[in-house]
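Those sequence lines, one after another, are chains W and X. Throughout the first sequence, residue numbering follows the numbering used here, covering 1 to 189 in sequence. Throughout the second sequence, residue numbering follows the numbering used here, covering 190 to 378 in sequence. By construction, the Cβ of each residue, glycine as well, lies at the ideal position given by its N, Cα and C atoms. Model, not experiment: these values are computed from the prediction. Right, one structure below, let's go through it.
There are 2 protein chains.
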Amino acid sequence: MNDRRPTLLEYALLGLANNQPRTGYAFRKVFEATPMAHYSSSPGSIYPALQRLDERGLLESSVGDGDTLRPKRVYTVTSEGVEALRAWVSQRVTREDVIWRPRELMLRFSFMGGLVDDDVSCTFLEQLAVELDGYARSLEEYRSAMPGHGPPHGVLAMEAGLANVRSMKTWAKNALRQFLPSQRSDGRG
Amino acid sequence: MNDRRPTLLEYALLGLANNQPRTGYAFRKVFEATPMAHYSSSPGSIYPALQRLDERGLLESSVGDGDTLRPKRVYTVTSEGVEALRAWVSQRVTREDVIWRPRELMLRFSFMGGLVDDDVSCTFLEQLAVELDGYARSLEEYRSAMPGHGPPHGVLAMEAGLANVRSMKTWAKNALRQFLPSQRSDGRG
DNA sequence: CCCCCCATGTAACATGTTACATGATTGA
DNA sequence: TCAATCATGTAACATGTTACATGGGGGG
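Below you can see the structure in the form of structure tokens.
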């Protein structure tokens, strides 16, 4: 048996199934058509992943009217699956997440809707901003140690990374405003 | 024999070796310490990758004074390796690159220094800007089709993607100015 | 009737992860 | 001498990629 934590692909499937039950083919179409999640849409990755999630009890499948071979199989998330998803999105945002797994972070955020309370989204965005800030500072430090002579490619690539981190930070701060409990307390205008 | 094109990790090793010959351990240290390239620094990935590159003739290795077991092995890029690297960085920037492989793009750019003429960097940045622009437009279109009601997470995640693409575009346009052949032609001030 | 899209799956393969094993060198 | 760091590698395993195989249903 396989007790590892789910892959990113598996979490993506779980999150999509949580929005709406789908067939394997429908999952594949989402990965092909959607610009959001950058996962392979090949049958060789999707179907085995769905089978694994089924075996672990995070998804369950029901065949449609079944007298054909190759029955159409619809996957629905189980309560255990919902819990796994909730635990995943609610994890603390770490510096490592920001450095190594920014896509996973955005995937987590995008699955929060309807799954967790707004204060979880709020905490997520606050932690994200903090970690992005710290990372930006370490990048700046790193850059200042780079040689000013020679080809500028290294420094420029560095600056691309920095610009990226900063834009994400700006985004997080703006997004946060939509989740903060309303600022104006009921008294006064 | 394995004739596939090199992995991203292998290109990263090739590029680093092109800057300076290193031991396997030194490559690992770079991946641990550098914020730029997000690759695994585990021996289980690095050493086999170096062996593959050696077998394919893109790297060659020389052992230091060798009467010990476990000789220290220094990898140097071959002329064939340099050619492979040059071909890789010089490829046309496609929409798919921008959507699915932005990190690879930045890696390609950062290895251009000292490897190709400035007009290659120039072309790269121009193509990059064009493709980013097209991608941004398709993202905007996609976003405008999203539901305005319900949890805002999806729309926000979308906007994060957009902000990211736009910041990269701005970067590309700024970087381009450093590679454009000097605007003022020799006549007049 | 044929082709395309819907739909599900498997097999071979390469890569990367994790954990382990080993040995050399350097400084406290 | 002991520990840390330098240094190289392998084995088991899971995942993902590519290519292939199969079959139903609808439209031209």
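What are the start and end residues of the alpha helix (DSSP H) that includes residue i?
i	result
Ser-90 (chain W)	79-90
Val-63 (chain W)	Val-63 (chain W) -> not in any alpha helix (DSSP H); beta strand (DSSP E) instead, spanning 59-63.
Gly-303 (chain X)	No alpha helix (DSSP H) contains Gly-303 (chain X), which DSSP labels as neither H nor E.
His-153 (chain W)	153-177
Ala-49 (chain W)	43-55
Val-282 (chain X)	Careful: Val-282 (chain X) lies outside any alpha helix (DSSP H) and carries neither H nor E.
Assuming contact is defined by CB atoms lying nearer than 7 angstroms, are residue i and residue j in contact in what I supplied?
i	j	result
Arg-206 (chain X)	Val-266 (chain X)	Inspection of the sequence shows that residue 206 (chain X) is occupied by Ala rather than by Arg. Cβ atoms of Ala-206 (chain X) and Val-266 (chain X): closer than 7 angstroms.
Pro-151 (chain W)	Gly-204 (chain X)	no
Tyr-228 (chain X)	Phe-220 (chain X)	yes
Thr-358 (chain X)	Leu-321 (chain X)	The sequence as given places Lys at residue 358 (chain X); Thr does not occur at that position. For Lys-358 (chain X) and Leu-321 (chain X), yes; Cβs fall inside 7 angstroms.
Ala-318 (chain X)	Lys-362 (chain X)	yes
Leu-105 (chain W)	Gly-81 (chain W)	no
Ser-356 (chain X)	Ser-167 (chain W)	yes
To the nearest angstrom, how far is it from the Cα of residue i to the Cα of residue j?
i	j	result
Val-287 (chain X)	Gln-51 (chain W)	32 angstroms
Leu-345 (chain X)	Ala-334 (chain X)	14 angstroms
Arg-297 (chain X)	Leu-369 (chain X)	19 angstroms
Glu-55 (chain W)	Arg-92 (chain W)	28 angstroms
Ser-374 (chain X)	Glu-329 (chain X)	Residue placement at Ser-374 (chain X) is poorly supported in this model, since its pLDDT is 47, which falls under 50; the coordinates are not used for a value here.
Leu-351 (chain X)	Gly-323 (chain X)	11 angstroms
Glu-159 (chain W)	Trp-360 (chain X)	8 angstroms
Ser-299 (chain X)	Glu-272 (chain X)	16 angstroms
Arg-73 (chain W)	Gln-178 (chain W)	38 angstroms
Asp-192 (chain X)	Tyr-264 (chain X)	20 angstroms
Glu-199 (chain X)	Leu-13 (chain W)	30 angstroms
His-153 (chain W)	Val-305 (chain X)	11 angstroms
Asn-237 (chain X)	Ser-231 (chain X)	Looking at the sequence itself, residue 237 (chain X) is Pro, so the reference to Asn does not match. C-alpha separation (whole angstroms): 10 angstroms.
Ser-310 (chain X)	Ala-276 (chain X)	13 angstroms
Given a threshold of 16 other Cβ atoms within 10 Å of its Cβ, counted over all protein chains shown, does residue i qualify as buried or as exposed?
i	result
Gly-44 (chain W)	exposed
Lys-29 (chain W)	exposed
Trp-100 (chain W)	exposed
Met-301 (chain X)	buried
Val-278 (chain X)	buried
Val-354 (chain X)	buried
Gly-147 (chain W)	What sits at residue 147 (chain W) in the sequence shown is Pro, not Gly. With fewer than 16 Cβ atoms within 10 Å of its Cβ, Pro-147 (chain W) is classed as exposed.
Leu-149 (chain W)	This sequence places His at residue 149 (chain W); Leu is not what is there. Classification for His-149 (chain W): exposed.
Pro-71 (chain W)	exposed
Gly-253 (chain X)	exposed
Arg-211 (chain X)	buried
Pro-291 (chain X)	buried
Identify the residues that DSSP records as bridge partners of residue i: which are they?
i	result
Thr-265 (chain X)	X:Glu-249
Arg-211 (chain X)	X:Tyr-264
The ligand COA heavy atoms versus the CB of residue i: any closer than 6 angstroms?
i	result
Ala-172 (chain W)	No copy of the ligand COA occurs in the structure displayed, which carries no ligand at all.
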